[in-house]
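Participant:
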Amino acid sequence: NNTLIVGMEPFLKKMLSAQDANGEIVKLVADWDSDSQLSAFMVMEPVRGIIQQNLPPQNQVPPPFSQFLDLPSLIKSVVLETSFSEQQMGSLKITAVSQDAAEKIKTMADGAIQMGRQILVGQMAQQMGSLDPDMQRAFQAYLQRVGGSIADSIRPTQTGNTVLFEAQGGQNQLVNIGTMGTLVALL
Numbered sequence: 066n067n068t069l070i071v072g073m074e075p076f077l078k079k080m081l082s083a084q085d086a087n088g089e090i091v092k093l094v095a096d097w098d099s100d101s102q103l104s105a106f107m108v109m110e111p112v113r114g115i116i117q118q119n120l121p122p123q124n125q126v127p128p129p130f131s132q133f134l135d136l137p138s139l140i141k142s143v144v145l146e147t148s149f150s151e152q153q154m155g156s157l158k159i160t161a162v163s164q165d166a167a168e169k170i171k172t173m174a175d176g177a178i179q180m181g182r183q184i185l186v187g188q189m190a191q192q193m194g195s196l197d198p199d200m201q202r203a204f205q206a207y208l209q210r211v212g213g214s215i216a217d218s219i220r221p222t223q224t225g226n227t228v229l230f231e232a233q234g235g236q237n238q239l240v241n242i243g244t245m246g247t248l249v250a251l252l
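The sequence shown begins at 66 in my numbering and counts up one residue at a time.
Okay, here's the thing in structure tokens:
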């Protein structure tokens, strides 16, 4: 009554007709221990080939972004959870194929956060061209602090082969949820 299963038709038919199933997705759901109001589970193996076939060639992707083409081969599963109650929370848990792969994913995420921060600060600095020089310096210092605060609030942690993005309560909740949504879209 409160479960929606989304997937490719052959996979769904197989999943819905399974008796005593013990695949990866079943393990993910069985191990799930959360009070979240919305959860999404994804196992990479069944879709890895399809994703990799549809990625552009590396020479067609700008160098800072070409590293992200490796993500499908590094990820084993993804779990996204969020709640919209008073104690707002959200998390994106990426389980990598190995600890080395998890370290690569975390490095990519840290780099992407830093790149996003630089782009945001650069765009805002261009908008300040008409301001008085003292105002420009003060505003740039403010942007650096805010950018650093946002970057720190979305920076992932890595334990073993797991990379975890977490957000709980506070004013940055919508920013964090939006960031997790963007990360899921990238994946």
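Beta carbons: idealized from backbone N, C-alpha and C, even for Gly.
What are the start and end residues of each continuous beta strand (DSSP E) run of 3 or more residues lying completely inside the segment 84 to 164, in chain order?
Facilitator: Listed in chain order, they are 103 to 108, 140 to 148, 154 to 161.
Participant: Just reading off the alpha helix (DSSP H) that D199 is part of, what are its end residues?
Facilitator: Counting along the chain, the alpha helix (DSSP H) containing D199 begins and ends at 198 to 219.
Participant: Along the alpha helix (DSSP H) that carries L48, what are the first and last residues, could you check?
Facilitator: Lying outside 66 to 252, the shown extent of the chain, residue 48 is not represented and no answer is given.
Participant: Apply the 10 Å Cβ neighbour rule to M73 and answer buried if 16 or more other Cβ atoms are within range, or exposed otherwise.
Facilitator: Exposed.
Participant: So what's M173 in DSSP terms, helix, strand or just coil?
Facilitator: In this structure, M173 counts as helix in the three-state DSSP scheme.
Participant: Going by alpha carbons, who is nearest to M189 out of D217, Q205, A83?
Facilitator: When only C-alpha atoms are compared, the closest one is Q205.
Participant: Identify, in the order they occur along the chain, each residue of the same chain with its Cβ nearer than 6 Å to the Cβ of S156, setting aside the five sequence neighbours on each side.
Facilitator: Excluding residues within five positions, the ones whose Cβ falls inside 6 Å are E146, E231.
Participant: Going straight from the alpha carbon of L77 to that of V71, what length do you get?
Facilitator: Those two C-alpha atoms are separated by around 7 Å.
Participant: Looking only at its chain, what residues have a beta carbon closer than 8 Å to the beta carbon of M193, apart from the 5 residues adjacent to it on each side?
Facilitator: Closer than 8 Å at the Cβ level, and outside the excluded window around M193, lie M200, Q201, F204, Q205.
Participant: In whole angstroms, give me the CA-to-CA distance for A161 and K141.
Facilitator: About 5 Å.
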